[in-house]
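Trainee: Residue numbering for the sequence shown follows my numbering, beginning at 1 and increasing consecutively.
Glycine residues also receive a C-beta, built at the ideal position from the N, C-alpha and C atoms.
Fair warning: this is a prediction, and the values are worked out from it, not measured in the lab.
This is the structure, below, for whatever I ask next.
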Amino acid sequence: MSQHMNEDVDMPVGSDGVFTVELVKSGQRLQVPADQTVLQVLEAAGVDVPMSCGQGICGTCLTRVVGGVPDHRDMYLSGEEQDANDQFTPCCSRSKTAVLMLDI
Ligand code: FES
1 MSQHMNEDVD MPVGSDGVFT VELVKSGQRL QVPADQTVLQ VLEAAGVDVP MSCGQGICGT
61 CLTRVVGGVP DHRDMYLSGE EQDANDQFTP CCSRSKTAVL MLDI
């Protein structure tokens, strides 16, 4: 029986900075290397997320988070919005947990 991986949403990301995004609607799991953004990984997998500035300023890429804890690196969300951990900007933000579950 395959192991249920979603417990990884409680595990901190490793020192290598690599984490997994799980797309809950399609069930896809994609690995995000330290030198790529979530958005780049999504695009490479053919997942279309609208984006504009690529720098965490405009909010165009804002994506709902349903599990795990984002590592917010944007300047778009307010501190309170960031602390809610229910959305993040995949063009620049990363993950504090080994798995980040996205509502796409
Ligand atoms: S594309 Fe502008 S915040 Fe991500």
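Going along the chain, which residues of its own chain have a beta-carbon closer than 7 angstroms to the beta-carbon of Cys-61, five neighbours each way excluded?
Mentor: Leu-39, Val-49, Pro-50, Met-51, Thr-89, Pro-90 and Cys-91
Trainee: Assign Arg-94 to buried or exposed, taking buried as 16 or more other Cβ atoms, counted over all protein chains shown, within 10 Å of its Cβ.
Mentor: buried
Trainee: Under the assumption that Thr-63 contacts Leu-102 (Cβ atoms under 8 angstroms), give the Cβ distance between them as a whole number of angstroms.
Mentor: 6 angstroms between Cβ atoms; contact.
Trainee: Use the C-beta contact count for Glu-22: other C-beta atoms within 10 angstroms, 16 or more gives buried, fewer gives exposed.
Mentor: Looking at its Cβ environment, which holds 16 or more other Cβ atoms inside 10 Å, Glu-22 is buried.
Trainee: Spatial neighbours of Thr-20 within its chain, please: CB distance less than 6 angstroms, with the 5 preceding and 5 following residues excluded, ordered by chain position.
Mentor: Arg-29, Gln-31 and Val-99
Trainee: Going by DSSP, name the residue or residues bridged to Met-101.
Mentor: DSSP lists Glu-22 and Gly-67 as partners of Met-101.
Trainee: Less than 8 angstroms between the CB atoms is what I'm expecting for Lys-96 and Asp-71, so what's the real figure, rounded?
Mentor: 5 angstroms
Trainee: Expressed to the nearest angstrom, what Euclidean distance is found between the alpha-carbon atoms of Thr-37 and Cys-53?
Mentor: 13 angstroms
Trainee: Buried or exposed, going by whether 16 or more other CB atoms sit within 10 Å of the CB of Ser-2?
Mentor: Here Ser-2 scores only 43 on pLDDT, less than 50, and its place in the model should not be relied on; the value that follows carries that caveat. With fewer than 16 other Cβ atoms within 10 Å, it is exposed.
Trainee: I need the boundaries of the beta strand (DSSP E) containing Val-106, first residue and last residue.
Mentor: Nothing can be reported for residue 106, as the shown portion of the chain is limited to 1 through 104.
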